[in-house]
Structure formats: structure tokens, C-alpha cells
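Novice: Chains as they are written, first to last, in full-length UniProt numbering: chain H, 1 to 288; chain X, 1 to 331; chain G, 1 to 243; chain L, 1 to 412.
Dropping a structure here in C-alpha cells format, bear with me for questions.
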Amino acid sequence: MTIDLANQIVTGLLTGLVYSLMALGLSVIFGVVRVVNFAHGEMTALAMYAAWALFTWAELDPLLGLPLIALLLFVLGYVMQRGLIDAFVAKPEHMQFILLVAVAIIMVNGSLLVFGPDAHGIQVPYGFDTYEVGPLLVDKVRLLAATAALCISGLLMLFFRRTMTGKAIRACADNLVGARVIGLNVKRLYAVTFGIGAACVGAAGALLSMLIDVMPSSGPELTMLAFIIVIVGGLGSMGGALLGGILIGVSEVLAGYFLMPSMKGMFSFAILILILILRPQGLMGARK
Amino acid sequence: MSRQAILLGLLLAAFALAPLVAGPYLLSVLVVVMYFAYVGQAWNIMMGFAGQLSLGHTLYVGLGAYTAAALFVHLGVPAVFGLFASVAVAALAGGVVGSLGFRFGVKGVYFALLTIAFAEFTRILFEHIPGLGGPGGLFLPVGDRSGIDLVHLRGHPLMFYYLILAMTAGIFLLCRRLVRSRLGYTWLAVREDQEAAAALGINVFRAKLAAVMLSAGLTALGGVFFAFYYNNLFPNQAFGMNRSIEIILAPIVGGLGTLFGPILGALILTPLGEGITMATEAMGFKAAGIKQLCYGLALLAIVKFLPDGVWPWARARLGLEPGDGDGEDDR
Amino acid sequence: MSAAPLLLVEGLVKNFRGLRAVDGVSFSVGAGEVVALIGPNGAGKTTVFNMIAGVFQPDGGRVELEGASLVGLRPDQVCRAGVGRTFQLVKPFGNISVEENVLIGALRWTHDVGQARRRAREVLDLLGLADKRRQMARGLTLPDRKCLEVARALATGPKLLLLDEVMAGLRPAETDRMVETFRTLNRETGLTIVLIEHVMRAVMALSQRVVVINTGKPVCEGTPDEVVRDPRVLDCYLGQETP
Amino acid sequence: MSGHSSPMVNRRGFLAAGAAGAAVLGLGGRARPLHAAEPLKVGLLLPLSGSLAREGQSCKRGADVTPALLADMGMPVQLMIADTETNIDTARTRAEKLIADGAQVLVGAFDSAHTLAVAQVCEQRGVPLVINIAAAPNITEQGFKTVFRNFPTAPKLVTEGLALMKDVFKTTGTTPTKAVFLHNNDTFGTAMAGAVNKLFPTLDMPFPLVETIAYDGAARDLAVEVGKAKATGADLVLLVPHGDDCIRVIREMVKQRFEPKAVISPGSPGMYEAQFYKTLGKYSDYCMTNLPWINPKTAMSQALLKAFTKAYPDALFEMNIGYTFEAILIAADAAKRAGSTDPKAVLAALPVTSIAEHVMIGGPIVFDAKGQNTNTRSATIQNFGGKPLVVLPSEVAEAKPVFPAPGWQQRG
């Protein structure tokens, strides 16, 4: 019983880390551009399709294809921000929402047209391997994916701390007027930020493609998941997204284990409601 | 008579006479149009007038639908009485969402996410209530489809058409009164600037709560219609996120906070969907998904080029700018 | 002792994150008086206003209107108690007409929209905005917005009007016109006014008494003429320039 | 009534399937329709996009190859295919549109909610609806006069599914000690679970059901669910998935080294689908599903298989295809017997349908007073080498059942 539970918690933790990376993209975008990307899950699904295509047609392991997919999504994000979203940055939230809903509809049905309605999954050769760590069984794919997610998150934090572009982006987030005054090209930085957020999604999608199957209708589900994680951790906070992912991963495991598994989603939404009411800035966000 | 009133009269007459020329197919499309005009208008009270963005509005559709349907199925309560319970339950739910959100200062996008969370929570909850069919669905006995029984809401599709037409006309007139009432002005003030509204003696919390509860209660009536028109309810269809999106498209495309917006939006969107289906079929595109792809592109174009909605744009072109009448400014 | 003053502020204290923004400010305003609250930037004037208006709750001290405490009331309750206010950074209801902006103020005391509309027109006439009543408020110039701010507050029918820098940014002629309006109002309706103002021309012309505060603390109080001659007042303004 | 032109074939006759097949295929020439040249316009409603796109498109593949086959049998049909977009509003308006465009019979609509919405339109317009797939029992409890369903209700699926399990144990001589029941918490899965929990105690099953675990099919990952199932110590897994969720279940079972004697579905889609085989490879083998299946031994199903493989060489030939074909067949047969494509005439002919030779396993297609075909019958199919083979009932079996299944690690 306890070993089973411990196994489950480890699984939840590892899976949560991968979800974190996806949510991190949402958080970065909101933190800087102040636009909630309601097409986030759909973009993740696109990345998963890309991983599947590379795996199927070029026999490229998703872990190796990851940089390429991240780059692809970076370009997509950059172009989306430049060509579409930028005009809506100062518009009210419901306009941004409808815009991104339209984008999501296009993505979902575009992938239906291209890839068909079937679920696509990737079976890497080591897909069924597990490590025995003491009494625990640790799934190899999850461990690899979680490690990769953690590394990428770390790199991203370094990017925002150490590089000029990263610092400039943070300046935009902290003080937009100030950033304009000192001559930063805000439009370009926003596009870069959206691109980086999308690249996170690309990386997360590549990793997720090894864990779950992708269908055109996978998108909305993933969008909701990203929201829950980011709100729980703190919208706009990078550490918060990581924490939120782990928390949601583990709490769903616990809810599934002790309650009815089909109700675990309800549990996540209950956490979301409580956080929104009691601590809307999230666990790691700063109160405005 | 103002030009707006004439336009309104013409529109109502056209819809009332539509069954004379429209076949059952067109009528079924018009029912969908009217349904979305109705719930869009109800949503508009909360967002367009009081400025509170609800992205989980199907919560109230679902609660309204399930309440009246369950009362009918389990206790035999006629729809005409059940709808009061529906309105009460939905208004209460709106009160809970609103008071929690407003009391704790949940604002903007956070409030919108809160409404989604409540809707999704309720969806999963309803999947676990066996008495309401769970995910297996709640079925209403269809009964006689030829007569007209407004008490039980059983009857001919034409009856449902006139019912939803009356509901849409009713909510239009109600909203028209509301925007010119003390409460309506209070909402506008809250929508525009809460701090300034409070400084003018407006109880912001109460005003917002009134908007949510009224909007929720009216939306629930749409849910009752939905339940008795389709005669089956499933949590994922009654409470699903995509239904919430469908509800808010019409008023936003038509023009947020305007009276004609939701109607115009619904009149554009539903036929647009039908039109795209026919056009793609006529052009020989058989692939599934192409219709929604075009729909998405059309939606994108509308929000991009007419960000204030179609009605404010059309109004300017029709010479119906507000301020023509003596203090009877139409929104 | 005579009847309670219209507004009594005593020993008002407010801390922001350990910083004492207002520290022991006291003054009282009799019915029908016009009092100016002046002081250099950051002196805590607006914070005092916000505590009177119920936006902030004071950490210490009393605020009373006609002997009844205003502490603990929400802004809308303070307004309904008879205090109208304007905001330093104007907050017009941008997407509705000028007349409707004012009408909403008038709905404070009447439930009849028609009556509120008539009141709104009177107030707009009084403030010279009548010809712009159909415009959307967001299209107004800054002076007109300031004017609208005052009109809205006036329409609520206040006993006490709190004006937060309504003359700032106005041209001298416009300032004079507005000063004249307030004097008329004060003379004819007995309206009590407390104003925060930097434009000394307006302060001198309008106020019967001036309260000076600096870094949250009271400095002195007197007639306009007394205050401008008070070396402490000069000090606090000059002290700001020379560190 | 002249409608009885199809030969009634009793059960014994049906079991001697091969010969009867030829006879029925020859039937076309015998009945001599009055307006042979005029094809029946069949409006087909399926969720081709939206969340049920996968199932809907699978049905559509079956429909695509149908007109040519029916034409060969002297039953010309013209298909008018409409997409419900997995949306109830669209389902209803599309149904009206199809009728407005001249559809004489409607077939559909896969999803129970949409089917009921369409049924109301059909009832109103006097146009017959032949349901290809939709398991909610309520559909045929509404007293509709125009609705005919050639698909078993959930209780029937489960009753037969559980009975077949006993047959598997009897045939193989092994009986499990206890079972755990995992099911998808969607419309279909819940209907099935309700039936399982209600019927299980009445069917004298040789093993106890220790726990029922409902899961959200959309849930990203099913590790907890499988972990919970493993913790019960059961040696049989009853699984009611609804699509690709079974892939995630099996994958987790392998990873968590949960080794039951078998994974059996009492009647649900998933474990015989192309994606299942492709993704799981050798781990997909030996899983069993008890459900209505295409009878591999009738001439008509062989003809359908041939046409299907030619049109869709990569797609799996499964239940959705068979039932969609049969629904259209039923409509065409009625029109032929009526000698008219007029909806009224077709409607009059439908209640006396009796099609002995068809593609699904089971007795002749006949409808009871409620419009329900009571002769549907489940079979046990088991996966071997990435293909589903019929293992029971033995009359139509293509292979022998293997139980218990070899452990995950023992597979080449």
C-alpha cells in the first residue's frame, strides 16, 4: 500500500514537471506581454504532432527532435505575436480571448485536416523500461522527460537573469514606460517573449509526446491544465509554474488514489477556485 | 417613433412571419440563432453592462436545464413551474460565484478564470450525480410532438420557435428598460470605473452581484428551453467549455454592451457556419474540419477588423448613431 | 462649545509598509466654509482625502461628519453620508456621454432617472459643459474632464465637497471661471468645500482658511494671508528644493 | 404482406452460414423493385469533426464503400453525408437540412445525445431514422414510430459480454480468482458500468468484482488508476475504455508490472483499433473484447471486407464499419421491399424487416415494437499478432482463445 502510494507520488511528481514546462510558457507570456494565451494547449498539441511527425518520418527520438521543435514553435510564437496578437495587447481581455479562441479553432481543425482524427502516439524503444530504485519502480521515459524539463526551465531562468535580451524583457515586464523611455524595442521584445513561451511549449510538447497521445481535441484539455498550474503557482512567476506543476501532479495522484479517479479533475478545479479566492497572486506570485 | 424602434418592429415582424416562408430546416437554424441571441443577451447584462467577464456562463445554462428537467422527470413538475426553480438555482449559483469573486477582489482575467473553474467543477460534479444520469445523460420523455402544450413545454417545433422568439424579444425589451434604469446606469458606472462609481455613492459589490444574479437567472431560462427542446442533457454538453465560448461569441461579434449586438451577432454567426458548410460542399471540399477552419478564420477577421463589433459599425453606416433622440440614447 | 463642525479630522495616522504617510493631522471645517489643504508634493494631502472618503482606513485618529464617525465606512457609504469628491487623476466614465456621467451622480439622491437627468443638465449648465453633454466623455479635453469630475461630484448633492487639484493644468482664465463657480455655489447654497490645490491663485481667491501639512505632519493653519507669510510654510516648500 | 420477401432463416439455418450467404446475395434479382433505377437517398449524420471525429470518420469509411456493394445487390442508394461537428445544435439543423435536400431515410448519429435530437426531427417529419450506433437505452423507450436501432443497448452488451467470459473460462479451463473493473467515465462507459454493476450479481459469475474504478478518459495520464487497480491484487482486469485511453491503461500496466491473467472488455471500442496495435505492438496481443463483431464467415461481410480493404488498405475493419454498413442496408432493404423510395413507404416496410444474411454476428435483423433489433449478438475477439480474431462463439471462430495470457516480460 505505502509502496504503491510512493510509486504513484513519484510518477505524479515526474509528470508534473513536464506539465510545468508547458505551463511555464504560459506564465512567461502572461508575465511580460500580459496576454493570456488561450490557445496554449492547442500549441502544445501542434508541438506533439511535430514530434510525432519527426519520429514517424525521420525516426528522430523526441528527445533529439526537441531543439528543432522548440525552434519551430519559437518562430510560430514570434510570428503570431508580431502579426496578430500585438494589435490586441492593449485591448480588453475578452477581445484577446476571442482572438485566441479563433486561433485555437484554426489550429484544432487544421490538425484534423492534416493528421486526421486518430490519436497519434510515439513508442520509443525504451518506452516500457523502468528503473528499480530500492522498492520503487521509476518509469524511464518519465524520468528522462522530467529531467529534460527541469534542465530547460533552469536554462530559461539563466537566460532571464544573465543575458541582455533576458534582462531587457524583464525590464518590459517590470516597467513598460521605463522600458520605452530607455529606448527598448518593446514590440520586438514582446515577440521574442511570445516566441520563448512558445518554445517552452514546443519542448514540453516533444516530451509529452512520449507520455500521452495527441489528437486534434487534446488542445483544450491541455490549456485548462496549464491554467490551473500557472494560477496555483502564480501567473507570471517562473518558479511558481514549476511548483504548481509538481503540486497538481501530486495532488491529482492523491485525489485519484484516495477518492474516485474520475473526480481528480474536480479536485484540481477546487484547488484553482480556492487559490483564486484566497491567494489570487498564486503561491509564489507577488501581491500587486 | 425613433428609427431604432422602426428597425426593431420590422425585425420582429420578419421573424414572426418567417415560418410562412421558411421550411423546417431554416426554422431549425432560426431556433439556434434565437437561442444564441437570447443567452448572448443574458450574458451581455453581466459583461456588456456591468463589465464582469464570465467565461463559464454555460454553468447557468446547465443548472437551469438540469433543474427543470430533473423536476419534470422525477417529480412530474411542469416546465412552467420548474423554470422558477431553475432561475432560483442559477441565480443562487451566480450569487455564490459573484460574492466569492467580488468579496475577495478577484478581478479581470482572474475572475474570468474563476468562472471557468466553477463551470468545469460543476461539470465533473454532475458526472457523479447518479440521480441526474451522470455522464449517461438525463432523458426527458419526448411525448406528443404535434400539439401545443406550453405548460409542459411539449409540442410542435413551431411552438418552440415562437417561444424562443418571444423569449428573445422579451429579454431585448427588458434590457432596453434596464439600460435606461437606475440599475442600468449603476452598472455602466461600475463597468467604466469602480472607484469613481463608489465615490458617487454606488455600492459596487451589490451592483455587480445584481448583474451576475440577474444574468444567471435569465441564462437559466435559456437552459430550460435547451432541455425541453432537445430532451436530453449530458454534463459535457450542458457545462462544457466550448458551450461557454459559443454563448459569448454572438454578443462580442455583434457589439458588446449594445442591445442589437447579441441578435446581430447570432444572426451573423449561425448562418455563417451554415453558409460555410454549403460553400465548402459546393466547392467539393469534403474533408471534415474545413468548415470550422473557415469559421475560425472568419472569426479572426471579424475581431481583427471590427474590434468593437458589427453593430456599432453598422449603426454608424445606417445613420442610427446614439444621441438622435432626446436623451433616449440607445446602446 | 457650539454644535459639532461639519467635518472634524483629528490625529489622523496612516502607515504604508512601515512608512508613516500621515502623522497626526487635525483640522475642522465648519458648515459653509471653504478650506484649502496645501503642502509640497508627497506631503500626504491626497492620503488624508482618501481616508476621509473611505478609500483607506486610518491607522489612528478620528474623522467625523456632523458628529458621526466616517471611519470604517466604504467610499459609497461616505458619499451617501454627504461627501462628494473628485480624483486628482480624473476618472471619467469614458464610454458614456457627459450627461450620463453626471446623471449617475444625481442618482445618489433620486431613483427617478428623469429627475436625475434634469439635475445633470442644471449642473452641466452651471459648469459650462451644457453644449458638450452628448459627447462621449473620453473625447473631452483635460480641463473639461476636470470640470466633469466636479459636475459628477456636485450632482450627488453633497454637504461637503472634496476637490483634489481640480485647477491643475487649467489656464488662468479657466481657473478664474472655476473659482467663480465655486464661490457662487458656496455663497448661494452654502456648500462646504475642502480643496487640495497647488495653484495659489485659486487658493488665495477661494479659501477662507488654509491648512498646511508637510511629510504627513501638520505645519500651520490660518487665513490665506497669514499662511503665505508664515516662515514655516516657506521653509517646507523651499526645504524640498534644497536638500 | 408483401414485405416478407426476405426468407426467414432460423438460428440453425443461420449457423450454416456459408450456403445461406449465397442465397441472400441472389435475393436482389428475385424481389424485382418497381423503380429499380431510382436510388434511395440516405442522409448519413456522423460526428466527422470535434471530439468524436475519430469514431465518426471510422463509420464514414464503412459508409463510403457501401453504395457500390448495395448496388450490386440491386439496392441502389445515394449517400448524403453530413457532419454533426459533435455538436447537438448542428446535429439537429443538419438533420433538417438533409431532409430538406431530399433525404428519404436518415442514418446515424453515433452519439446518443445527437441521435435523440435527430430522432425528434425524424419523428416530426415522418422520415425514418436507422441508428447505426448509439447505446443509450432511452432512445428506443420514447415511443418513437420512426426510429429503428440495429445496435444493442448497454445492458444487452454487458449481459452477453459477461456470459462470453464464462465461456472463455470454460473453453480454456482456467478461472480467475478476482477481478477489478476499470471504466471510462463518459456517456458510454457509465452506461456500461451501470449495467455491469447491476447485472454482475445476477449472472452467477465465477469470480468476485473487488473494485470499480472510474476514470476520466481525457485525463492526461492513467498511472494512478492502474496503480490503484494493481493494489487490489486482482488477476483479471475488466476494462471499458472508449478509444485510445486503453493504450494508456495497458502501457501503465506494463510499466508498473501489473500482470493479470487477462484484460477483457465486456463490450467497448478501443482494444481492437489500429492505433492500439500500432502503439503497443506485442503488448496489444491477447487482450479480449466481447462485442458485436463482423461475422468473418458470411459472404456479405467478405464482400464488404474486400471493398473496404481496397478503399482503405491501412484502416482497420471493425464494428463501426459493419454497423454503419448494416444501417444503410436496412434502409435500402426496406425501400426495395416497399418498391418505393418514398419515406412513408420505407417507414411502413421497416417494422417488418427481416434480414437473415448480413455482416454482423447474430440472428436475422428484426425489430421489436420499440424499433430495437433484439437479435444482435456479441462475440469474443482476441488480439493475435496485431489483429483481432474471433475466438468465440466457436461456430464463427477464427482462432482458439488463449487464457491466461503470457506475462508482459515473456513476450518475444
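Using N, Cα and C, we set each Cβ at its ideal position, and we do this for glycine too.
What you are looking at is a predicted structure, and each value in this text was computed from that prediction instead of being measured.
Any C-beta of chain L sitting closer than 8 Å to the C-beta of Gly183(H)?
Specialist: Output row for Gly183(H): interface = no.
Novice: Report the neighbours of Ile202(X) on chain G: residues whose CB is nearer than 7 Å to its CB, in chain order.
Specialist: Result: Asp76.
Novice: Pick out whichever of Ala198(H), Leu211(H), Asn185(H) has its Cα sitting closest to the Cα of Lys255(L).
Specialist: Minimum Cα distance to Lys255(L) is reached at Leu211(H).
Novice: What's the call for Glu38(L), buried or exposed, on a 16-neighbour Cβ count within 10 Å?
Specialist: Glu38(L) comes out exposed.
Novice: Which value, in whole angstroms, describes the spacing of the CA atoms of Val90(G) and Gly243(L)?
Specialist: About 59 Å.
Novice: In the structure shown, what three-state DSSP assignment does Gln4(X) receive?
Specialist: Three-state DSSP puts Gln4(X) in a helix.
Novice: With burial defined as no fewer than 16 other Cβ atoms inside 10 Å of the residue's Cβ, what is the status of Glu221(H): buried or exposed?
Specialist: That one is buried.
Novice: For Arg180(X), return the contacting residues in chain G, with the cut-off set at a CB-CB distance below 9 Å.
Specialist: Simply Val113.
Novice: Roughly how many whole angstroms lie between the Cα atoms of Lys107(X) and Ala195(L)?
Specialist: Using only the alpha carbons, I get a separation of about 46 Å.
Novice: Tell me the residue span of the alpha helix (DSSP H) that contains Ala65(X).
Specialist: 58-75 is the span of the alpha helix (DSSP H), which, as asked, contains Ala65(X).
Novice: Please check if any C-beta of chain H sits within less than 8 Å of the C-beta of Thr279(L).
Specialist: Interface residue, yes.
Novice: What are the residues that DSSP puts in a beta bridge with Ser181(L)?
Specialist: Checking the sequence shown, residue 181(L) turns out to be Phe, not Ser. Per DSSP, Thr212(L), Leu238(L).
Novice: When the Cα atoms are used, what is the spatial distance from Val65(L) to Phe308(L)?
Specialist: About 6 Å.
Novice: Could you please give the first and the last residue of the uninterrupted beta strand (DSSP E) stretch that includes Thr192(G)?
Specialist: Its beta strand (DSSP E) spans residues 192-196.
Novice: Can you look up Gln381(L) in the DSSP assignment and give me helix, strand or coil?
Specialist: What sits at residue 381(L) in the sequence shown is Ile, not Gln. In the structure shown, Ile381(L) sits in a strand (DSSP, three-state: E or B).
Novice: Comparing the C-beta of Glu122(G) with each C-beta of chain X, is any distance below 8 Å?
Specialist: Not an interface residue.
Novice: Please name the residues in the segment 5-39 of chain H whose beta-carbon is closer than 9 Å to at least one beta-carbon of chain L, in chain order.
Specialist: So the close ones are Leu5, Asn7, Gln8, Thr11, Gly12, Thr15, Tyr19.
Novice: What are the residues in the segment 221-236 of chain X lying within 7 Å of chain L by C-beta distance?
Specialist: Listed by position along the chain: Tyr230, Asn231, Asn232, Phe234.
Novice: Using beta-carbon positions only, say whether Val29(X) and Thr258(X) come within less than 8 Å of one another.
Specialist: The answer is no: Cβ separation not under 8 Å.
Novice: Counting contacts by CB-CB distance shorter than 8 Å, is Ile365(L) in contact with chain H?
Specialist: Taking Cβ atoms only, chain H never reaches closer than 8 Å to Ile365(L), which makes this a no.
Novice: For a cutoff of 8 Å on Cβ pairs, would you count Ala102(H) as touching chain X?
Specialist: So, interface residue.
Novice: So if DSSP puts Ser69(G) in a beta bridge, which residue, or which two residues, is it bridged to?
Specialist: In the DSSP output, where bridge partners are listed per residue, Ser69(G) has Glu64(G).
Novice: In chain H, which residues lie with their C-beta within 9 Å of the C-beta of Tyr215(L)?
Specialist: Result: Gly256, Met260, Pro261, Ser262, Lys264.
Novice: Expressed to the nearest angstrom, what Euclidean distance is found between the alpha-carbon atoms of Asp213(H) and Gly121(H)?
Specialist: Cα to Cα, the separation comes out at about 4 Å.
Novice: Along the segment 18-40 of chain X, where does the CB come closer than 7 Å to a CB of chain L? Name the residues.
Specialist: For the segment 18-40 of chain X, which is checked against every Cβ of chain L, the residues closer than 7 Å are Gly23, Pro24, Tyr25, Ser28, Val29, Val32.
Novice: By the criterion of Cβ-Cβ separation under 9 Å, what are the contact partners of Ala175(H) in chain L?
Specialist: According to the sequence displayed, residue 175(H) carries Asn and not Ala. Near Asn175(H) there are no residues of chain L at all, since even the closest Cβ is about 38 Å away, more than 9 Å.
Novice: Looking at C-alpha atoms only, which residue of Val73(X), Gly40(X), Gly51(X), Ala70(X) is the closest neighbour of His57(X)?
Specialist: Ranking Val73(X), Gly40(X), Gly51(X), Ala70(X) by Cα distance to His57(X) puts Gly40(X) first.
Novice: For Val224(L), which residues in chain H fall below 9 Å Cβ to Cβ?
Specialist: Those are Gln8, Thr11, Gly12, Glu252, Val253, Leu254, Ala255, Gly256, Tyr257, Pro261, Lys264, listed as they occur along chain H.
Novice: Does the beta carbon of Arg80(G) sit closer than 8 Å to a beta carbon anywhere in chain X?
Specialist: Arg80(G) counts as touching chain X.
Novice: Ordered along the chain, which non-local residues of its own chain (more than five positions away) have a Cβ less than 6 Å from that of Phe27(G)?
Specialist: Closer than 6 Å at Cβ, skipping near neighbours: Val9, Val211.
Novice: Quick one: which chain X residues come within Cβ less than 7 Å of Ala68(G)?
Specialist: Going along chain X, no residue has its Cβ under 7 Å from Ala68(G), so there is no contact; the nearest lies around 16 Å.
Novice: Just the Cα atoms here: how many angstroms apart are Val141(H) and Gly16(H)?
Specialist: The alpha-carbon atoms of Val141(H) and Gly16(H) are separated by roughly 13 Å.
Novice: List the residues that DSSP assigns as beta-bridge partners of Phe225(X).
Specialist: For Phe225(X), which the question treats as bridged, DSSP gives no partner whatsoever.
Novice: Can you say whether Gln96(H) is buried or exposed, counting buried as having 16 or more other CB atoms within 10 angstroms of its CB?
Specialist: That one is buried.
Novice: Taking 8 Å as the cut-off, decide whether the C-beta atoms of Phe194(H) and Ile3(H) are in contact.
Specialist: Taking 8 Å as the Cβ cut-off, Phe194(H) and Ile3(H) do not qualify as a contacting pair.
Novice: So the alpha helix (DSSP H) Gln194(X) belongs to, where does it begin and stop?
Specialist: First-last of the alpha helix (DSSP H) with Gln194(X): 194-199.
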